[in-house]
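Let me begin by presenting the structure, written as structure tokens, before commenting on it.
Numbering (the numbering used here), first residue to last: 16 to 133.
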């Protein structure tokens, strides 16, 4: 089930699925404390970073508070393919994309609560 969708600067459709403990919203929202779709959309709304491949896209964003202070450096990893790289999960529609696998704040175990108010 798709929770929400974002598009990157190159027009790629990047869904965030509800997922499970291995990928998607369930995988990153609790452990990494990202509870706002705005955080994911802010990162995905860029071009993929260097090191991305045809099927694995990595996005990054620096998010600031209203005073211009850095809240966090966020990374989002998306599977731009109809199945995961470990072949455990496959979509029925081979034109669809798995989407966001994980999202996290660099340098910390959990993102700050303030990130979710961006």
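By construction, the Cβ of each residue, glycine as well, lies at the ideal position given by its N, Cα and C atoms.
Please report whether the beta-carbon of residue 56 lies at a distance below 8 Å from any beta-carbon of chain D. Reference to chain D is not applicable here, since this structure consists of a single protein chain.
Assumed close pair residue 125, residue 47 - CB separation to whole angstroms, cut-off 8 Å: Cβ-Cβ separation between residue 125 and residue 47: approximately 6 Å, consistent with a contact (criterion under 8 Å).
Among 75, 66, 71, nearest to residue 60 - alpha-carbon criterion: 75
Selection from 133, 116, 131, 128 that minimises the alpha carbon distance to residue 36: 116
Does DSSP classify residue 116 as helix, strand or coil? strand
Looking at the secondary structure, which residues open and close the beta strand (DSSP E) in which residue 21 lies? 17 to 22
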